[in-house]
Structures are given as structure tokens and as C-alpha cells.
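End of the sequence shown sits at 302 in my numbering; the numbers just go up one at a time, nothing left out.
Every residue gets a Cβ at the ideal spot worked out from N, C-alpha and C, and that includes glycine.
It should be emphasised that the depicted structure is a prediction, and the values quoted were computed from it without experimental measurement.
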Amino acid sequence: MGIDTSPISIARFRRYRGGMETRELRYFVTVAEELHFGRAAQRLGIAQPPLSRAIGQLERRLGVTLLERTSRSVALTAAGSVLLREGRAALDAVEAAERRTRRTALAATGSPGLVLVTKAGAAGELLPKLLDAYAAEPGAVAVDVLLCGIGEQERLLRDGRADVALLHRPFDSASGFDTEELRTEGQIVVLPARHSLASRAHVLMADITALPGLPMPRWPNLDGTYPDGPGPQVRDHTQLLQTIALGRAAAVLPESTRAYLPSGLAAVPVLDAPEVTTLIAWPPHSRSQAVAGLVRAATRL
Numbered sequence: 002m003g004i005d006t007s008p009i010s011i012a013r014f015r016r017y018r019g020g021m022e023t024r025e026l027r028y029f030v031t032v033a034e035e036l037h038f039g040r041a042a043q044r045l046g047i048a049q050p051p052l053s054r055a056i057g058q059l060e061r062r063l064g065v066t067l068l069e070r071t072s073r074s075v076a077l078t079a080a081g082s083v084l085l086r087e088g089r090a091a092l093d094a095v096e097a098a099e100r101r102t103r104r105t106a107l108a109a110t111g112s113p114g115l116v117l118v119t120k121a122g123a124a125g126e127l128l129p130k131l132l133d134a135y136a137a138e139p140g141a142v143a144v145d146v147l148l149c150g151i152g153e154q155e156r157l158l159r160d161g162r163a164d165v166a167l168l169h170r171p172f173d174s175a176s177g178f179d180t181e182e183l184r185t186e187g188q189i190v191v192l193p194a195r196h197s198l199a200s201r202a203h204v205l206m207a208d209i210t211a212l213p214g215l216p217m218p219r220w221p222n223l224d225g226t227y228p229d230g231p232g233p234q235v236r237d238h239t240q241l242l243q244t245i246a247l248g249r250a251a252a253v254l255p256e257s258t259r260a261y262l263p264s265g266l267a268a269v270p271v272l273d274a275p276e277v278t279t280l281i282a283w284p285p286h287s288r289s290q291a292v293a294g295l296v297r298a299a300t301r302l
């Protein structure tokens with residue numbers, strides 16, 4: 002679900018439940034994440050007694066207990082868990098609005114305007130074509146390209162550090178964004194060129210899952226941890242391709258990846274793999290003419 006960072010939404014947040022302030026919510030979120038008043042105070046750069054008083058005042062104003070405290074531990078109540086989840090989203094919304102406001106002011110003074118975020122190695126030939134097409138648009142501004150890790154585009158777009166993103170469904174979530182579909186393609190399995198499947202015209206997903214000694218790689222979760230499994234941990238496409246070349250993994254990737262594979266790797270179409278749709282996405286409240294121009298250029302490609 003998208004975060005509404007409109008001025009009206011933020012004003013409502015600042016008046017939330019009888020006058021909750023951004024400062025108070027930031028205090029609570031920090032304590033809830035640390036579950037320790039001393040560490041939270043150190044992280045916030047304040048003394049512990051005023052932090053404890055602020056949390057107590059917040060609980061009295063809301064009329065609920067947010068934290069269960071003993072001499073040895075601090076734990077979230079059910080109400081505290083709700084406020085932690087909603088509070089993080091609200092603070093993210095405020096920070097995103099501040100970033101976008103500053104960038105809008107910079108753009109008005111003639112400073113560089115757009116930040117486009119995409120996964121490193123995932124946009125293929127589409128990205129340079131898009132940048133060239135947009136550069137030919139009347140009134141085009143400079144575009145800074147931010148290359149990120151797996152699954153980071155959504156967060157960077159949502160928190161205001163990017164104006165527009167290239168997402169890939171079904172891997173990335175476009176919930177809460179305005180989007181335009183740019184292309185849909187099949188997928189391939191990338192293998193060491195010497196592997197027995199490399200000479201096949203096509204394979205099925207069942208063929209891949211049965212590969213001895215070539216497990217699927219494990220990508221990091223949004224919190225930086227890795228899921229359990231036998232596959233090697235990888236952070237980006239460069240590391241992934243090196244791991245495959247060493248004969249330690251295989252990976253199912255969009256068909257457009259084929260054009261950028263180094264020597265020593267083979268690509269075989271996977272007939273029953275889900276199709277991948279590339280989207281251009283932007284915040285629904287955006288009024289940027291530069292974003293509109295970039296989207297127009299993208300949809301004409």
C-alpha cells in the first residue's frame with residue numbers, strides 16, 4: 002500500500018490522536034526498535050529520563066499502554082506493535098515529503114532534476130534507450146541514474162530518494178505507485194556453458210530444480226538477512242554471474258539478460274517460467290513535468 006505524503010496527509014499525522022508530534026513518534030519508534038531505554042536514548046542523543054517521560058506522556062494521551070516495562074526488560078504491547086508499524090510508515094512519509102520538497106526547490110533554481118533508480122544489471126538495453134529518448138524531449142533535464150541492489154527500488158522511490166523507478170513484476174511490488182508497462186518477456190536459465198543442459202533448446206522449471214550441484218542463489222531480504230536454503234548468498238548481478246561461472250549456482254533471469262552474459266555462460270529458455278513485465282513507476286502525487294516527460298519517452302519506446 003502506498004504512502005500518502007501529500008501536505009494534507011502530513012498535517013493530519015502531526016495532529017494525530019490529540020496532538021502527537023513527529024518528535025514523540027520518533028522517540029517511541031526508537032525505543033520500540035531497541036527495546037531498551039538506555040540504548041534508545043543514546044541513539045537519539047538525549048538523556049534517558051526525558052525520553053522515559055515523553056513515552057509516558059504519549060501513553061497517557063493515547064490512553065493505552067505501549068510498552069510493558071520491568072526492571073530487566075521492555076516489551077511491546079499489542080497496541081505498541083500497531084503504533085510501531087504505523088509510526089514507521091508515518092515517519093517515512095514525512096521524510097519523503099521533506100526530500101521531495103527540497104528537490105523541487107532545487108529544480109526551481111535550475112539544479113539537476115530527476116533521479117531514476119533501477120536494479121544494477123537488470124534494465125539491459127532498455128535503460129540507455131530510455132535515457133536517449135528522454136534527452137531528445139523538449140525541456141529535458143539531467144537524469145541521475147541510481148543503481149541499487151535487489152528489491153531496493155521500491156523503498157528508494159517510496160522514501161523520496163528517487164523520482165522514478167524501473168520495476169520488474171512479479172519480483173518487485175508496484176503497490177501504491179502510478180505505473181506504465183514497458184515490455185513483457187520470458188525467462189531463461191543461466192548455466193555454466195559446460196553444463197549438460199546448456200545444449201538444450203528449452204527446459205522446464207522442474208528440470209532446473211532437479212539440477213544436482215547447481216542450487217538457486219539466495220538474494221537478501223529487505224532487512225538485509227538471507228532466507229534459509231542450500232544456494233549461495235549473492236548481493237548483485239555481477240556476483241551472481243561470477244558464482245554461476247564457477248559452477249556453484251544456476252539462475253532464472255529475464256530473457257533480455259542474455260545479451261549481457263559474459264563468455265563461459267549459457268542461456269536456455271524456460272518454457273513454464275512466469276513472464277517478467279518491466280514497469281516505469283512514480284509516486285501518484287507527483288506533479289513533476291520532468292517525470293511526466295520521462296514517462297512519455299518511456300511509453301513511446
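Am I right that residue i and residue j are in contact with their C-beta atoms under 8 Å? What's the rounded C-beta distance?
i              : j              : result
proline 284    : leucine 158    : 7 Å
alanine 268    : arginine 259   : 5 Å
leucine 147    : leucine 127    : Not a contact, Cβ separation roughly 16 Å.
arginine 184   : threonine 279  : 5 Å
glycine 161    : glutamate 96   : 7 Å
glycine 187    : alanine 274    : 7 Å
alanine 141    : glycine 294    : 6 Å
proline 213    : asparagine 222 : Rounded, the Cβ-Cβ distance is 27 Å, inconsistent with contact.
isoleucine 209 : valine 253     : 7 Å
So, for residue i: in the same chain, excluding its five sequence neighbours on each side, which residues have a beta-carbon less than 6 Å away from its beta-carbon?
i            : result
alanine 282  : Ala166, Leu168, Ala175, Phe178, Thr180
arginine 44  : Thr31
isoleucine 9 : Since pLDDT at isoleucine 9 reaches only 36, below the 50 mark, its modelled position is unreliable, and the value read off the structure follows with that caveat. For isoleucine 9, where only same-chain residues beyond five positions count, there are no Cβ hits under 6 Å.
Ignore the nearest five residues each way along the sequence and tell me which others in residue i's own chain have a CB closer than 8 Å to its CB.
i             : result
valine 235    : Pro218, Arg219, Trp220, Leu241, Thr244, Ala250
valine 292    : Leu115, Asp164, Val165, Trp283
glutamate 69  : Val75, Ala76, Leu77, Thr78
glycine 39    : Gln49
aspartate 145 : Pro113, Leu115, Val116, Leu117
glutamate 182 : Thr278, Thr279, Leu280
alanine 199   : Leu192, Pro193, Ala267, Val269
Buried or exposed, going by whether 16 or more other CB atoms sit within 10 Å of the CB of residue i?
i             : result
leucine 205   : exposed
aspartate 133 : exposed
glutamate 153 : buried
glycine 230   : exposed
aspartate 173 : buried
threonine 119 : buried
tyrosine 261  : exposed
alanine 211   : exposed
leucine 247   : exposed
glutamine 290 : exposed
glutamate 155 : buried
leucine 215   : buried
leucine 272   : exposed
serine 257    : buried
alanine 202   : exposed
alanine 94    : buried
alanine 207   : exposed
glycine 64    : exposed
glycine 232   : buried
glycine 225   : exposed
threonine 239 : exposed
Going by DSSP, which residues form a beta bridge with residue i?
i             : result
proline 193   : Leu266
glutamate 182 : Leu280
alanine 166   : Val118, Ala282
alanine 255   : A quick correction: the sequence has proline, not alanine, at residue 255. Answer is Gln188.
arginine 70   : Val75
leucine 63    : Paired residues: none, contrary to the question.
valine 144    : Leu115
For residue i, collect the residues of the same chain with a Cβ closer than 7 Å to its Cβ; drop the 5 residues on either side in sequence, then sort them by chain order.
i                : result
phenylalanine 29 : Ile56, Leu59, Leu67, Leu84, Gly88
lysine 130       : Leu302
isoleucine 47    : none
alanine 298      : Leu131, Ala134, Tyr135, Glu138
Answer with yes or no whether the minimum CB distance from residue i to chain D is below 8 Å.
i           : result
leucine 205 : This model lacks chain D altogether; it includes just one protein chain.
Cβ pair count under 8 Å reaching 3, the stretch 55-71 against the stretch 20-37: Look at the beta carbons and you see the stretch 55-71 touching the stretch 20-37: at least three pairs across the two are nearer than 8 Å.
I'd like to know if the stretch 70-90 and the stretch 29-41 are in contact, where contact means that at least 3 CB-CB pairs between them fall below 8 Å. Enough Cβ pairs lie closer than 8 Å, so yes.
Contact the stretch 189-205 vs the stretch 266-280: 3+ CB pairs below 8 Å: Put simply, the stretch 189-205 touches the stretch 266-280. At least three CB pairs are less than 8 Å apart.
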